[in-house]
Amino acid sequence: MAVKKQKSFKVNYLIILFTGLFLLVGGILTFLLIIKNIYGNYELNQILPSKENLRFLSYDKENKAAILYSKYSENMLQPAGSTWLKDNIDVWERYLKNSIKMPYDIIEDSTIEKGLHMKYKVLILPGAKSISDKEIVEIKRFIENGGSVFVTGGIATYSDEGKWRGWNFFTEVFGMNFTREIRSEETYKVHTLRGNLPLTGGIPTGYSLRIATWDRPIYAEVLEPRTTQASFWYDFRHEAGLVMEEIKKSAGIAYGTYGKGRFVWFGFEINSVIGPQEDNIYFEKLLQNSMSWLTYSPTAYIKDWPAPYDAAAIVVPTFAEEEWNINNITGILNNQRINATYFVAPERARRDSVYLASLKKYNSIGEIIDVGYITSANDTINKLKSKDDQYNALKDGNYNLYKTNKIKPNAIMPLFGYYDENTLQAMSNEGIEFLVTDSLTDRSVPRFQMRNGKQMMIVTKTARDDYDIIRKKKLTNPEFQRYTYEEDVDRLIFEGGLMVLKLHTDAQMRPENIGVVNDILQYMRNKKMWITDLDQLRTWWKKKEGVEVRQENRSARRIAVQVNNPADKTSEKFIVHINLNKRVKNVVISSDIINTKIPKFELLNNDQTIYLYIDNMEPKETRSLIIDFDNIGNK
41 MAVKKQKSFK
51 VNYLIILFTG
61 LFLLVGGILT
71 FLLIIKNIYG
81 NYELNQILPS
91 KENLRFLSYD
101 KENKAAILYS
111 KYSENMLQPA
121 GSTWLKDNID
131 VWERYLKNSI
141 KMPYDIIEDS
151 TIEKGLHMKY
161 KVLILPGAKS
171 ISDKEIVEIK
181 RFIENGGSVF
191 VTGGIATYSD
201 EGKWRGWNFF
211 TEVFGMNFTR
221 EIRSEETYKV
231 HTLRGNLPLT
241 GGIPTGYSLR
251 IATWDRPIYA
261 EVLEPRTTQA
271 SFWYDFRHEA
281 GLVMEEIKKS
291 AGIAYGTYGK
301 GRFVWFGFEI
311 NSVIGPQEDN
321 IYFEKLLQNS
331 MSWLTYSPTA
341 YIKDWPAPYD
351 AAAIVVPTFA
361 EEEWNINNIT
371 GILNNQRINA
381 TYFVAPERAR
391 RDSVYLASLK
401 KYNSIGEIID
411 VGYITSANDT
421 INKLKSKDDQ
431 YNALKDGNYN
441 LYKTNKIKPN
451 AIMPLFGYYD
461 ENTLQAMSNE
471 GIEFLVTDSL
481 TDRSVPRFQM
491 RNGKQMMIVT
501 KTARDDYDII
511 RKKKLTNPEF
521 QRYTYEEDVD
531 RLIFEGGLMV
541 LKLHTDAQMR
551 PENIGVVNDI
561 LQYMRNKKMW
571 ITDLDQLRTW
581 WKKKEGVEVR
591 QENRSARRIA
601 VQVNNPADKT
611 SEKFIVHINL
621 NKRVKNVVIS
631 SDIINTKIPK
641 FELLNNDQTI
651 YLYIDNMEPK
661 ETRSLIIDFD
671 NIGNK
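For the record, in the sequence shown the residue sitting at position 372 is 412 according to the numbering used here, with numbers rising by one throughout.
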């Protein structure tokens, strides 16, 4: 039987080669697509396996700080053996570990003198008053070549031998001029933060930190446009002088650029912040934002005011003597289409009923209530009326206003300016929605308080009223009055807060003074200040406070932003403010979730800030947005 010869199988190496190449190319393309989907735009040379590209792919994990423990500075401390510097370093370590979560090393003066600090992203120089000439050269070289420094106090004002060197390094590198030190006998000093800046995003505008003066904090004045003032020591309520001039000479925090690098300067040590727990919470946020600025990382928050405004104002006319002068203000406000809340004491309601009747059709009415007084601004405990007395005062006031004028007030103003917890409880009981107060608070923007399930908005006095200007300062000349109001307008715009323009019938509303009001309102409009009323202010602030924003670095060319409306109501027309903290171009916004509404946007502020204009967000809606861009420079 013949055996059939089996055909041998021939291997086609060419097909295998092309198949392998096809799979290889497909794998590479898939890898590139995955990289693009995760990290955004890139260039081919950025994904090759090099040390620099590993830094690119782990953009937010490669930043490392160095904290200088300056023995030169420790040696000049008095008394000998003082632990001041060590205590300061310990506080820095705690913040970096727990709040900022940034890796760090403790380094010595010799590390900088030998140039071994160049590998770090951020150089932290706490309390480094005494450093060597070699350190100065190396620190300047570090910043000029793109490094970032975080400095506190009077940096480099003494040599390594403890001899006075002066402020030349401070002025040259930070673009500021030393003004003065704060005297330690003042115990503590109020320090006011400007709003809506890369360093202060997410912190209430005008927030006042209390800073202990044992470290002799520093006033400084910004001299160059490369440096931005982020705070001030000047207190307009208690200190004399020309307001804006004094503010600009009293910077306590500033940030900016030098060469290719960046800096943040605090005029005080970070362990000198005292006050309630809330101060520490916001101070941690301030430090986190500062580190984001220094490491070119983004921050995001909801802008305080509607576009294009950076500050706001409300007008609160108040009935006093010469009540007929109320007609002088109503004409001006009606001509400028401004709504206001008019405040009147219930016992005056019958006498002023004719004027109130004409007002209540178009404007809201608030009542002035006597809830007691205090002897000084610091003596606020157990000095106001009792709980029952405040309840009865508010209840009786409401009854009298309704009985005489059929008015149900929605706002109160304490007669002597102050309030306490009993006041808030009484408001909740009577359904009062607004409190306009002279009490010194820790911010220059409104604040909501909840009592018994009811929400109330507290608006504090943020500017000098006409009694301050005309009676206390005795400024009867309209030109001087106008200038004083303009100072406060300029301050609130600089600060980014809410101006409360409080006027009385027997002062600014008198015929010889009323023209100033019209001029000031026009001045506000020319300065792009949003002039609104309590109802509109509450609507906007609830919307602004209710929306949540989070951001995350994906790469050097991509960030992810999540905007969430957790409320049960639609939020309309607000702005998400994103500080990229670096210059970019070719911005593209998309989403990795189908049917996500992409908002309109604008690139502003020297190509470092993106405004997202959100028309509306439905209740419980969340938008996940991807923002891609090309960097200008090598960051």
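We put the beta carbon where it would ideally sit given N, CA and C, even for glycine.
Values in this document were obtained by computation on a predicted structure and should not be read as measured data.
Asked	Found
Which partner residues does PHE383 have in the DSSP bridge list?	THR358, GLY406
State the DSSP-derived secondary structure class of MET497, mapped to helix, strand or coil.	strand
Which of the three DSSP states is assigned to ASN621 in this structure?	coil
Sorted by chain position, which residues of the same chain lie with C-beta nearer than 6 Å to THR297's C-beta, five sequence neighbours on each side aside?	ARG266
Taking its Cβ as the centre, do 16 or more other Cβ atoms sit within 10 Å of VAL177, making it buried, or is it exposed?	exposed
Going by CA-CA distance only, name the one from ALA294, PRO244, ASP559 that's closest to TRP333.	ALA294
Is TRP254 helix, strand or coil when you go by DSSP?	coil
Tell me, to the nearest whole angstrom, how far the beta carbon of SER468 is from that of ASN492; I am working on the premise that it is less than 8 Å.	5 Å
Counting only the same chain and skipping the five closest in sequence on each side, list residues whose C-beta sits under 7 Å from that of ASP275.	VAL230
Note the first and the last residue of the continuous alpha helix (DSSP H) segment covering PHE209.	208-214
By a C-beta neighbour count over all protein chains shown, 10 Å radius and 16 as the cutoff for buried, is HIS544 buried or exposed?	buried
With GLN521 as the anchor, note down where its alpha helix (DSSP H) starts and where it stops.	518-535
Select from ARG578, ALA352, PHE303, LYS640 the residue whose C-alpha is nearest the C-alpha of ARG565.	ALA352
Suppose you measure from the CA of ILE447 to the CA of GLY437; what does that come to, to the nearest Å?	11 Å
I'd like to confirm the pairing. Which residues does DSSP put opposite ALA352 in its beta bridges?	LEU538, TRP570
If you follow the alpha helix (DSSP H) that ASP319 is part of, which residue opens it and which one closes it?	317-334
Using 8 Å as the threshold, is the C-beta distance between LYS169 and THR197 below it?	yes
In three-state terms, what does DSSP make of PHE182?	helix
In whole angstroms, what is the alpha-carbon distance linking ASP530 and LYS568?	11 Å
Could you give the distance in angstroms between the alpha-carbon of LYS180 and the alpha-carbon of THR59?	57 Å
Excluding the 5 residues flanking GLN591 on each side, which residues of the same chain have their C-beta closer than 8 Å to its C-beta?	PRO338, THR339, ALA340, ILE599, ALA600, VAL601, GLN602, ILE618
Comparing alpha-carbon positions, which option in ILE533, GLU552, ASN553, TYR439 lies nearest ARG390?	TYR439
What number of angstroms, rounded off, separates the C-alpha of LYS104 from the C-alpha of ILE147?	12 Å
Is MET539 near ALA503, with beta carbons less than 8 Å apart?	yes
Quick check: what's the CA-CA separation for GLY471 versus ASN605?	27 Å
Under DSSP, the alpha helix (DSSP H) around ILE372 begins and ends at which residues?	366-375
Determine whether the beta carbon atoms of VAL29 and ILE369 lie at a separation below 8 Å.	In the structure as shown, the chain begins at 41 and stops at 675. Residue 29 is therefore absent and cannot be evaluated.
In three-state DSSP terms, what is LYS582?	helix
Run the CB neighbour count on SER404, radius 10 Å, all protein chains shown included, and call it buried at 16 or more, exposed below.	buried
Should GLN430 go down as buried or exposed, given a rule of 16 or more other Cβ atoms within 10 Å for buried?	buried
Please classify ARG95 as buried or exposed, where buried requires at least 16 neighbouring CB atoms within 10 angstroms.	Annotation note: pLDDT 49 at ARG95 (below 50); position unreliable, coordinate value reported separately. Label assigned to ARG95: exposed.
Please go through the same chain and pick out, in chain order, the residues whose beta-carbon is closer than 6 Å to the beta-carbon of PHE456, but skip the five residues on each side of it.	TYR413
Can we say the region 567-583 touches the region 343-361, given the rule of at least three CB pairs closer than 8 Å?	yes
Tell me whether ASN645 is buried or exposed, calling it buried when 16 or more other Cβ atoms sit within 10 Å of its Cβ.	exposed
Do you know offhand how far LEU97's Cα is from SER595's?	For LEU97, the predicted structure reports a pLDDT of 45, less than 50, and the residue's modelled location is therefore unreliable. A value from the coordinates is still provided. Their backbone Cα atoms lie some 6 Å apart in a straight line.
Which residue wins for smallest C-alpha separation from ILE654, given the options PRO357, LYS343, GLU519?	LYS343
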